[in-house]
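K.L.:
Residue 1089 is where the sequence shown starts when you use our numbering, and the numbers rise one by one after that. Okay, here's the structure, questions in a sec.
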Amino acid sequence: MSLSRPDGLRAGFHADVHDPVSGLMHAGEQWVPEQFLIEPHEHPVWEIYLQLHGVTRWVAGGQSYLLQPGHLFAVPPNLVHHLAGRSGNHHFYFAAVDLEPVVRRQPVLATGWPSTVVHRDAGELAYAFAQLVRELTTRHEYADVGLSLAVDHLVLAVARAMAPTAAPQLAMHPAVRTVKRLLDQEFHERWTLRQLADRVGLAPSYLAELFANHLGQPPHRYLNERRIDRARQLLDSTDLTITAIAHTLGFSSSQHFARAFRQLTRTTPTAYRCIRRVGDDGRQQ
């Protein structure tokens, strides 16, 4: 496997994997400036994109698709696709996956894959992509097993997004479920309690009480935990500056980010990154 940063990116990486065991051909996470273009291309396997921030327009098979944050864009094998012109700064995950090895491990995932583009809200696909990126950018024991499991998880998440039939098994107030989903998937937004309450038609104080009763903490604390979870991954796997990470996660400043990070981890973002990189250097030796 080789990791590189294509010319012109603001941040991020491309992993050239071509692993016949896991089925992963390539993958990455990229922060893309306005002038960056992705030319027409195709692959012999499925290529899966997840739009995280920004809005882009893609063309695949002659059809145009507008990707909003949280949208899945999955292109079947041998279909030409490209980014249609300059789209402004944006941020996305991507992976090219050969389904055959995945299906050998998980036969049930063979069904339901269409012959056309999949474009829809991605649900919880970001969690699966984050785990895949972690496996690609962090040295772990049992790396081969971890990569195969991460690819299986990603394919499962895509399959679920294509056929969203999930039924909650744990009783939860509908307003709390909606707010939790917003904070899980759109933690980069600068949510206020008033904004969340308006989204579900409740008084802010009542929403805060309901949320704490169900999840053991107020919405703001839950939001910061989601942000700091993501911050750890970005500190591990990217060379984004602390200020850029703070902006990406929706904090008002790097100082605000550092305070929240210290409250939940008892260290600073800079110290966390240094400790992790020293640890990686030691394992490499």
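All C-beta atoms in this analysis are idealised placements derived from N, C-alpha and C, irrespective of residue type, glycine included.
So, at 7 Å on beta carbons, what are the nonlocal neighbours of S1090 in its own chain, with the 5 sequence-adjacent residues on each side left out?
P.N.:
If we look at S1090 and ignore the five residues flanking it on each side, its Cβ neighbours are D1104.
K.L.:
Less than 7 Å between the CB of V1243 and some heavy atom of the ligand SAH, yes or no?
P.N.:
What this structure holds is no ligand at all, so the ligand SAH is not there to describe.
K.L.:
Let me check understanding here. Comparing Cα to Cα, which of A1238, L1328 and E1117 lies closest to S1110?
P.N.:
A1238
K.L.:
Where T1355 and A1198 are concerned, what is the direct C-alpha to C-alpha distance, given to the nearest angstrom?
P.N.:
45 Å
K.L.:
If W1205 sits next to G1149, beta carbons under 8 Å apart, how far is it from one beta carbon to the other, in whole angstroms?
P.N.:
A small correction: the amino acid at residue 1205 is Val; Trp does not occupy that position in the sequence shown. Their Cβ separation, rounded to whole angstroms, is 7 Å, which keeps V1205 and G1149 in contact under 8 Å.
K.L.:
Using 8 Å for Cβ pairs, my map puts V1221 next to Q1118. What's the rounded Cβ distance?
P.N.:
About 11 Å separates the two Cβ atoms, so there is no contact after all.
K.L.:
Compute the Euclidean distance between the alpha carbons of Y1310 and S1342, then round it to the nearest angstrom.
P.N.:
Cα to Cα, Y1310 sits roughly 19 Å from S1342.
K.L.:
Pairing CB atoms from the stretch 1169 to 1186 with CB atoms from the stretch 1145 to 1159, are three or more of them under 8 Å?
P.N.:
yes
K.L.:
Could you check how far apart the C-beta atoms of P1357 and A1332 are, in whole angstroms? I think they sit under 8 Å.
P.N.:
The pair is not a contact, with the Cβ atoms about 11 Å apart (cut-off 8 Å).
K.L.:
At a cut of 8 Å, does the stretch 1272 to 1282 reach the stretch 1222 to 1241 through at least three beta carbon pairs?
P.N.:
no
K.L.:
Counting only the same chain and skipping the five closest in sequence on each side, list residues whose C-beta sits under 8 Å from that of G1200.
P.N.:
Correct list, in chain order: A1247, M1250 and A1251.
K.L.:
To the nearest angstrom, how far is the alpha carbon of F1413 from that of A1359?
P.N.:
The requested residue 1413 does not occur in the structure, where the chain is confined to residues 1089 to 1373.
K.L.:
What residue from I1363, H1302, D1317 and T1336 has the CA that sits closest to Q1351's CA?
P.N.:
D1317
K.L.:
Report the rounded CA-to-CA distance for Q1372 versus H1228, giving the unit in angstroms.
P.N.:
Confidence in Q1372 is poor, its pLDDT being 46 and thus under 50, which makes the residue's placement unreliable; the coordinate value appears in the next sentence. Taking the straight line joining both Cα atoms gives about 11 Å.
K.L.:
With the cut-off set at 8 Å, would you say L1303 and L1295 are in Cβ contact?
P.N.:
no
K.L.:
Distance, Cα to Cα, I1363 vs F1349?
P.N.:
15 Å
K.L.:
Near Y1153, what residues of its chain come up, given a Cβ to Cβ distance below 8 Å and the 5 sequence neighbours on each side ignored?
P.N.:
R1145, W1146, V1147, F1161, V1205 and H1207
K.L.:
Please work out which residues of its chain come closer than 7 Å, Cβ to Cβ, to A1218, disregarding the five sequence neighbours upstream and downstream, and give them in chain order.
P.N.:
So the qualifying residues of the chain are Q1321.
K.L.:
Just tell me which of E1297, V1163, V1168 and S1325 has its CA closest to the CA of A1263.
P.N.:
In this structure, E1297 is the residue among E1297, V1163, V1168 and S1325 with its C-alpha nearest to the C-alpha of A1263.
K.L.:
Runs of 4 residues minimum, wholly inside the stretch 1190 to 1227: which ones carry the alpha helix (DSSP H) assignment?
P.N.:
1213 to 1225
K.L.:
Rounded to the nearest angstrom, what separates R1347 and W1279 at their Cα positions?
P.N.:
18 Å
K.L.:
Cα separation between A1291 and L1270?
P.N.:
17 Å
K.L.:
Quick one: what's got a C-beta closer than 6 Å to H1106's C-beta in the same chain, skipping five residues either side?
P.N.:
M1113
K.L.:
R1145 by DSSP, collapsed to three states: which one?
P.N.:
Residue state, collapsed to three classes: strand.
K.L.:
Among the candidates E1130, N1301 and V1185, whose CA atom is the shortest distance from the CA of L1235?
P.N.:
Of the listed residues, the one whose Cα sits closest to L1235 is V1185.
K.L.:
Let me know the secondary structure DSSP gives E1297 once reduced to three states.
P.N.:
helix
K.L.:
Drop a sphere of 10 angstroms on the beta-carbon of Y1181, count the other beta-carbons inside from all chains shown, and report buried for 16 or more, exposed for fewer.
P.N.:
buried
K.L.:
Let me know if D1095 comes out buried or exposed under the rule of 16 or more other beta-carbons within 10 Å of its beta-carbon.
P.N.:
exposed
K.L.:
Helix, strand or coil for R1371, going by three-state DSSP, please let me know.
P.N.:
Note that R1371 scores a pLDDT of 49, beneath 50, so its modelled location is shaky; the value from the coordinates is reported in the next line. Here R1371 carries a helix assignment [DSSP, helix/strand/coil].
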